[in-house]
């Protein structure tokens, strides 16, 4: 029985990853063309799509989403590329790496709130500069947050995608021989950045490509960051979509489905444009290579990349600090840099309302993470049994939930749950989260699992230990740190999920994240501070547990330290 | 006890239709069969086949007998093929004593009896009183001896040695070699040794098979 379980791993994982997307897309595309028998739609029609196109500013909304996706990806990838090119292998690099890595676990919404609290006209930056530099005694009447071109939204996305792409690049870096390629390029007289771009970047980018695509898809369809920082007249497509989806009028579902289909097209168009940009970039690199230009004076570029990296990291950190201050702020007048008094009043007042969303957050995160870990372990055990490591196709499955825009398939999935009676139930919500938690858990656990020295297992088997005993008493304990870190990653991903919670929870299951985003329009900074701070605290607590528990359990085992 | 001899009957291991190792040989208890070959010749796959953990990428045929019992189809954990690699591979999350307790068959009941066996085994390799130590704090030679004590405690039917001396320095190497072969003789175990070191083969004194040449 036990030995049969791993066999189930890969098919179950594929079902978890692709099932919701397949059903969800069907549940989106069919109603978009008028087919939804439960609501009386039995024929196919283009009426809903036509109605969608007559909405005011719909093209503008789509364009903002498209542009946000491309600009976010180009800027964050550019910063990561130049930073690695200029600094990989230096002390500064490893220090920045340690600064940036934890930022990956900060939920998007919390980072977006932090940025808003920094750059708003009455935000931290304005306070720091006022009145001595700006002369402002009152917050200026400027539209910085929610600016119509979406710049602050793009900034909010960039500071979160930089840590993601940096970590993906770092994971792929050992597979390209950076030090020797660099030495070779340098011996030919190439500058650091040029040598990197010609020798290291093409194979490195190939490894990162799916993750970059995921950034394009995410940034074109993000809801929470867009609702907090994005323009409002008109709002980015995904934000308007969710408004239609939450409309109690049932006939709006056809219309919302047509919108979701448009979102799918926008994200697909962004991906196609991105692929064209990839070609263009590759052609430019080829031309440069043929020219033989050395670009030896690149110190300015390296410094600029470092500055961009540090700015991105400090922005998130300063934003989080500002959130924390607001949550404890008493009277805080503009332009004071700090509140006159600190008080726990906001926390005490909010506490009773926190219990319900907090417990849903914890239950769903714990359940989806546990399932994801179990499924991942089964898949990896199956890999060992067959001797075949999951290849490119498996990787595509893993990235599927990150490549298909959430707004495009979750609405259809919600419909499915509505008609099967599962909507707003905990199991449905756990399942929806699992789809997004699974890829991150698998990606973070598979490398340490595969790097494990399997001779330990041969030894245990030689000692007469059964496979299950070997797994439980040798391999899992030895990999406990990696498993706990993967669990912390999964936990953080679940805590940060906004759209799946809103749609599958259908407003009846609230988490800290959905509550926080719902507060965005209200503008009570103290309460937002409490929610966003909690949002950041939960993943941090997860990582603290993942680090401290093995350190404590194995405190007398030197070889178990990292 | 004479029935624990190891018989390799027409064992042949191939990778992509290229035969790496082919052997038919009877290894008596206390005797050492040495398989010599350069690294990458696939000589270790023979041990993996006997032990039951051959990578599925290889194809293999032939029978393995321990005494009168054919073990070819048994799962690795039922073959009782004790193995030593070139690294001691002590389980890093257990103490020295924990490593040894893990190896003692469940048939030995009672905490006191099991702990007594641990102490005796440690004493037998000159490491009395180290049971509570963290294995990573031992020297390389001490780790190798704990690994030997561990495999012997599991009451194996044979000993498979995968270049177990190659990472030790010259002086330790000959000491360890003598210790391992002596223990194999007193425990009456057939031994298969894989190595690329002629001195190992000489010290082993048994039949030598050369592969990959």
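Residue numbers (this note's numbering), protein chains in the order written: chain A, 1 to 562; chain X, 1 to 213. Glycine included, every Cβ here is placed at the ideal spot set by N, Cα and C.
Beta-carbon contacts of residue i that lie in its chain and below 6 Å, excluding the five residues immediately before and after
i, result
"residue 200(A)", "176, 178, 181"
"residue 368(A)", "430, 433, 434, 437, 494"
"residue 43(X)", "35, 37, 194, 211"
Length of the line joining the Cα atoms of residue i and residue j
i, j, result
"residue 302(A)", "residue 220(A)", "29 Å"
"residue 307(A)", "residue 442(A)", "33 Å"
"residue 2(X)", "residue 70(X)", "Per-residue confidence for residue 2(X) stands at a pLDDT of 45, beneath the threshold of 50, marking its modelled position as unreliable; the derived number appears in the next sentence. Taking the straight line from one Cα to the other gives about 16 Å."
"residue 100(A)", "residue 52(A)", "41 Å"
"residue 264(A)", "residue 408(A)", "6 Å"
"residue 229(A)", "residue 414(A)", "26 Å"
"residue 200(X)", "residue 107(X)", "35 Å"
"residue 204(A)", "residue 164(A)", "15 Å"
"residue 445(A)", "residue 372(A)", "11 Å"
"residue 543(A)", "residue 485(A)", "7 Å"
"residue 53(X)", "residue 381(A)", "14 Å"
"residue 27(X)", "residue 95(X)", "34 Å"
"residue 498(A)", "residue 432(A)", "11 Å"
"residue 269(A)", "residue 66(A)", "8 Å"
"residue 190(A)", "residue 276(A)", "28 Å"
"residue 234(A)", "residue 500(A)", "23 Å"
"residue 405(A)", "residue 50(X)", "52 Å"
Residue-level contact to chain X via CB, residue i, 9 Å cutoff
i, result
"residue 456(A)", "yes"
"residue 7(A)", "no"
"residue 208(A)", "no"
"residue 557(A)", "yes"
"residue 224(A)", "no"
"residue 466(A)", "yes"
"residue 463(A)", "yes"
"residue 382(A)", "no"
"residue 450(A)", "no"
"residue 527(A)", "no"
"residue 453(A)", "yes"
"residue 366(A)", "no"
"residue 391(A)", "no"
Residue burial classification, residue i (beta-carbon count within 10 angstroms, cutoff 16)
i, result
"residue 152(A)", "buried"
"residue 244(A)", "buried"
"residue 48(X)", "buried"
"residue 326(A)", "buried"
"residue 145(X)", "buried"
"residue 9(A)", "buried"
"residue 451(A)", "exposed"
"residue 28(A)", "buried"
"residue 557(A)", "buried"
"residue 99(X)", "buried"
"residue 468(A)", "exposed"
"residue 403(A)", "buried"
"residue 160(A)", "buried"
Contact belief for residue i with residue j at Cβ below 8 Å, rounded distance in angstroms
i, j, result
"residue 502(A)", "residue 239(A)", "Going by Cβ atoms, the distance from residue 502(A) to residue 239(A) rounds to 12 Å, so no, they are not a contact pair."
"residue 109(A)", "residue 193(A)", "Residue 109(A) to residue 193(A), Cβ: 35 Å. No contact."
"residue 4(X)", "residue 23(X)", "The Cβ separation is near 19 Å, so there is no contact."
"residue 465(A)", "residue 78(X)", "The pair is not a contact, with the Cβ atoms about 10 Å apart (cut-off 8 Å)."
"residue 118(A)", "residue 318(A)", "6 Å"
"residue 151(X)", "residue 35(X)", "That belief does not hold up - the Cβ atoms of residue 151(X) and residue 35(X) are roughly 19 Å apart, past 8 Å."
"residue 84(X)", "residue 162(X)", "7 Å"
"residue 48(A)", "residue 254(A)", "5 Å"
Contact with chain A by residue i, beta-carbon distance below 9 Å
i, result
"residue 155(X)", "yes"
"residue 9(X)", "no"
"residue 53(X)", "yes"
"residue 114(X)", "no"
"residue 82(X)", "yes"
"residue 160(X)", "yes"
"residue 95(X)", "yes"
Close beta carbons around residue i, own chain, < 7 Å, minus the five adjacent residues each side
i, result
"residue 97(X)", "118, 131, 132"
"residue 195(A)", "182, 185, 186"
"residue 104(A)", "163, 164, 167"
"residue 411(A)", "28, 245, 256, 257, 260, 503"
"residue 400(A)", "17, 18, 21"
Beta-carbon proximity list for residue i, same chain, < 8 Å, skipping 5 on both sides
i, result
"residue 154(X)", "80, 82, 103, 104, 105"
"residue 43(A)", "34, 35"
Proximity test, residue i beta-carbon vs the ligand ATP heavy atom, cut-off 8 Å
i, result
"residue 179(A)", "With respect to the ligand ATP, the structure shown offers nothing to examine, as it has no ligands at all."
Closer than 8 Å, Cβ to Cβ, to anything on chain C: give me those residues from the region 44 to 77 of chain X, in chain order. The structure shown contains no chain C; its protein chains are A and X.
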